[in-house]
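Residue numbering for the sequence shown follows the working numbering, beginning at 541 and increasing consecutively. Heads up, the beta-carbon is just placed ideally off N, CA and C, and yes, glycines get one too. Since we're looking at a predicted model, the values are computed, not measured. Single-structure report; data block below.
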Amino acid sequence: NPETYDQLVVSQEIIGEGAPYLQEGMACMLSVHEGNPIAIELPARAVFEIVDTEPTVKGQTASSSYKPALASNGVRIMIPPYMSAGERIVVDTATGEYIRRAD
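See the structure below:
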């Protein structure tokens, strides 16, 4: 709680598939019933760095295909072929899909 700094422990069962998208300092909505967490809602988007991907092949930049990349959260994400390791991307936390390059 950002106002009282109270902390609740949330189980992996409640976080579910959203766990890789949690980041330190991220503001999430936590639903609580009688003091027990029952659901968590992550922000719609999160920013991650590409840590590994295939090299860009000349001529691929005009293609609409995507290539696999490993993001800093450990999740494989399909990104445009012109992107490379070290770039930051915005990811949809609900689907795990690439949205755009981060500013």
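- Annotation: the continuous alpha helix (DSSP H) that includes Glu553 extends over 552-555.
- At the C-beta level, Thr635 and Gly558 stay beyond 8 Å of one another.
- Taking a cut-off of 8 Å on C-beta distances, the region 583-592 touches the region 607-620, as three or more cross pairs fall below it.
- Taking the CA atoms as reference points, Met566 sits about 19 Å from Arg641.
- Bridge pairing for Ile580: Leu570 [DSSP].
- Here Ala625 is actually not in contact with Thr596; their C-beta atoms are around 10 Å apart, not less than 8 Å.
- Under the DSSP definition of a beta bridge, Pro608 partners with Met618.
- A distance below 8 Å between beta-carbons, with the five flanking residues on each side excluded, links Ile555 to the following residues of its chain, in chain order: Leu562, Ile580.
- Checking the DSSP bridge columns, you'll see Ile629 partnered with Phe588, Arg641.
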